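This report concerns only the one structure given below.
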Amino acid sequence: MYFRVAIIITALTLSACSSWVFRYDVPQGNYLEQKSIDKLQVGMTKEQVKFILGSPVIVDAFNNDTWNYVYKLKSGRSRDFDQKKQFIINFSNDKLISASGDFELSDKFNTPFNAPTVETKPANNNKVGESKTIDGK
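Numbering (the numbering used here), first residue to last: 93 to 229.
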């Protein structure tokens, strides 16, 4: 009986001497992927950029046309941030004009973005001001 108690006390004592404490990894900000950055093109609206990348972490209070996407990952095993990434987007007249940061821009970034246009056709082949009767005359 005393032997079992001695083993339990020894195990508890040794486990209390451990210097390792579990800490969670702490991600902060917007996690961006290169495939999302590759979808950006000059001329996109703010809404289109927000749809692709999400809401920015920081919007400049004095210049609403600059958006900052910041991502930091602090590992539980270290005291400093293990990963830091930043991506800055600039707009002019609500259109994307430039981007810079820790990501590579795709080759099609500088190709102006053309929003798809919808062609509308008249419901019938009548010309404006012309009417047809039931007889087709």
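For every residue, glycine included, the Cβ atom is placed at its ideal position computed from N, Cα and C. Owing to the predicted nature of the structure, the values given are computational and were not obtained by experimental measurement.
According to DSSP, is residue i helix, strand or coil?
{"i": "residue 151", "result": "strand"}
{"i": "residue 201", "result": "helix"}
{"i": "residue 187", "result": "strand"}
{"i": "residue 143", "result": "helix"}
{"i": "residue 94", "result": "helix"}
{"i": "residue 126", "result": "helix"}
{"i": "residue 167", "result": "coil"}
{"i": "residue 138", "result": "helix"}
Could you give the distance in angstroms between the alpha-carbon of residue i and the alpha-carbon of residue j?
{"i": "residue 132", "j": "residue 201", "result": "6 Å"}
{"i": "residue 164", "j": "residue 119", "result": "6 Å"}
{"i": "residue 162", "j": "residue 186", "result": "21 Å"}
{"i": "residue 149", "j": "residue 179", "result": "10 Å"}
{"i": "residue 147", "j": "residue 121", "result": "10 Å"}
{"i": "residue 181", "j": "residue 192", "result": "7 Å"}
{"i": "residue 175", "j": "residue 126", "result": "15 Å"}
{"i": "residue 94", "j": "residue 170", "result": "42 Å"}
{"i": "residue 141", "j": "residue 190", "result": "12 Å"}
Given a cut-off of 8 Å, decide if residue j and residue i are closer than it, judged by their beta-carbon atoms.
{"i": "residue 138", "j": "residue 195", "result": "no"}
{"i": "residue 130", "j": "residue 198", "result": "yes"}
{"i": "residue 124", "j": "residue 177", "result": "yes"}
Can you find the residues in the same chain that come closer than 8 Å, C-beta to C-beta, to residue i, ignoring five residues on each side of it along the sequence?
{"i": "residue 168", "result": "114, 115, 116, 117 and 118"}
{"i": "residue 203", "result": "133 and 134"}
Leaving aside the five residues before and after residue i along the sequence, list all residues of the same chain whose C-beta is less than 6 Å from its C-beta, in chain order.
{"i": "residue 144", "result": "128 and 131"}
{"i": "residue 136", "result": "188 and 205"}
With three or more C-beta pairs closer than 8 Å as the rule, is the stretch 141-159 touching the stretch 95-110? no
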